[in-house]
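This report concerns only the one structure given below.
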Amino acid sequence: MYQLQLLLNIPELFTSQSKIDFYSSMFENLDLSSIPEFPSSSPGRKGYSHHALFRAFIVMKAERFGTISDLLDYLRNNLIIAHLCGFDISKPLPSYWTFRRFINEFSHDYLTSIFQNQVNILKNMGIISGEFISMDSTPIKANTKLNNPKSFSKNKFSKDNQPNSDKDCKLGVYSASNDSSNKRYKF
């Protein structure tokens, strides 16, 4: 009886140590000072910590869960992760609707502020610097008839045939899939 009770009281047995270390170090270095932990609200219950809810959504993305229900199942089965997020595991975890309401009402300005704080922290630690610039190679398709697959224009993919709608537009090639032989030519 005593051994069974001991096993049920140790949530670490259900979560790998590497995940515990990963989330511990991530949340330890995450500056959430720009988010009010318990925003002022009308009279009623205090609610759950917005810091804990935000950390739970980080877990959701890190574990590649597509739904809040999957996140809730994971947190219920890995109470140590729920504790690392900031929830009191002696009480029930937030409901699906609490998570849903939080994400719907969460301001994009908070994300921008958190991102800027994290970049500054990493810069001060010497992990990143401003020496390199990142470039995005995502194709941006021009609004032109030459990109219409039903168009029967002559010399549709000629570099000399500049679209009238956009003078800055250039002919480009991007991969249509992961197959290297499958290419698409677009303006």
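Here the sequence shown is numbered in this note's numbering, starting from 33 and rising by one per residue. In this text, a Cβ means the ideal position worked out from N, Cα and C, and glycines have one as well. Keep in mind it's a predicted model, so treat the numbers as computed, not measured.
query: Residue from G98, G118, T47 whose Cα sits closest to the Cα of F70; result: G118
query: Enclosing alpha helix (DSSP H) for S57 [first to last residue]; result: 49-60
query: Where the alpha helix (DSSP H) through S101 begins and ends; result: 100-109
query: Pick from Y106, S72, P75, G79 that is closest to A88, judged by C-alpha positions; result: Y106
query: Whole-angstrom C-beta distance between L116 and Y55, which should lie under 8 Å; result: 5 Å
query: Three CB pairs or more closer than 8 Å across the region 145-160 and the region 62-69; result: yes
query: Beta-carbon gap between L228 and Y128 smaller than 8 Å; result: Nothing can be reported for residue 228: it is not among the residues displayed for the chain, which extend from 33 to 219.
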